[in-house]
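Trainee: Below you will find the structure I want to go over with you.
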Amino acid sequence: MNSAGEILANGAAAEPASARTDADTPAETAATVICPACQGRNLAGARYCSQCGKLLGDSPKCSVCQRPWQPEEKFCPKCGERRP
């Protein structure tokens, strides 16, 4: 038994929540995908961004060469097209 009085099924004392780190949570250790719209972190396999709700993997593309836009780009580095 620990100071909180928790005992696991195998008889061992449970680790108090205060001893756990953020890295122990599954969301932090799983692979993440960055949202192209808001730069929010999402779990791999998510279809929609948990921060802004945009569809993930559907990033805007240059209308001329179809290269995906990076958030900071104003002109396409491949063909020179101005971003709308």
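Sequential numbering from 84 applies to the sequence shown in this note's numbering.
Note that beta-carbon positions come from the ideal geometry of N, C-alpha and C, so glycine has one too.
Among residues of its own chain, excluding the 5 on either side of Leu165, which ones have a beta-carbon nearer than 6 Å to its beta-carbon?
Mentor: Position check: residue 165 holds Arg in this sequence, whereas Leu was assumed. So the list reads Phe158, once near-sequence residues are dropped.
Trainee: Per DSSP, Val116 forms a beta bridge with which residues?
Mentor: The partner list for Val116 (beta bridge, DSSP) reads Asn125.
Trainee: Which one or two residues does DSSP pair with Lys144 in a beta bridge?
Mentor: The partner list for Lys144 (beta bridge, DSSP) reads Pro151.
Trainee: Report the rounded CA-to-CA distance for Ala143 versus Gln149, giving the unit in angstroms.
Mentor: First, the residue type needs correcting, since residue 143 is Pro and not Ala in the sequence shown. Those two C-alpha atoms are separated by around 9 Å.
Trainee: Assuming Asn125 and Leu138 make a contact with CB atoms under 8 Å, what is their CB distance in whole Å?
Mentor: Not quite, the Cβ-Cβ distance comes to about 11 Å (not below 8 Å), so this is no contact.
Trainee: Spell out the partners DSSP gives Leu138 in its beta bridges.
Mentor: BP columns for Leu138 point to Tyr131.
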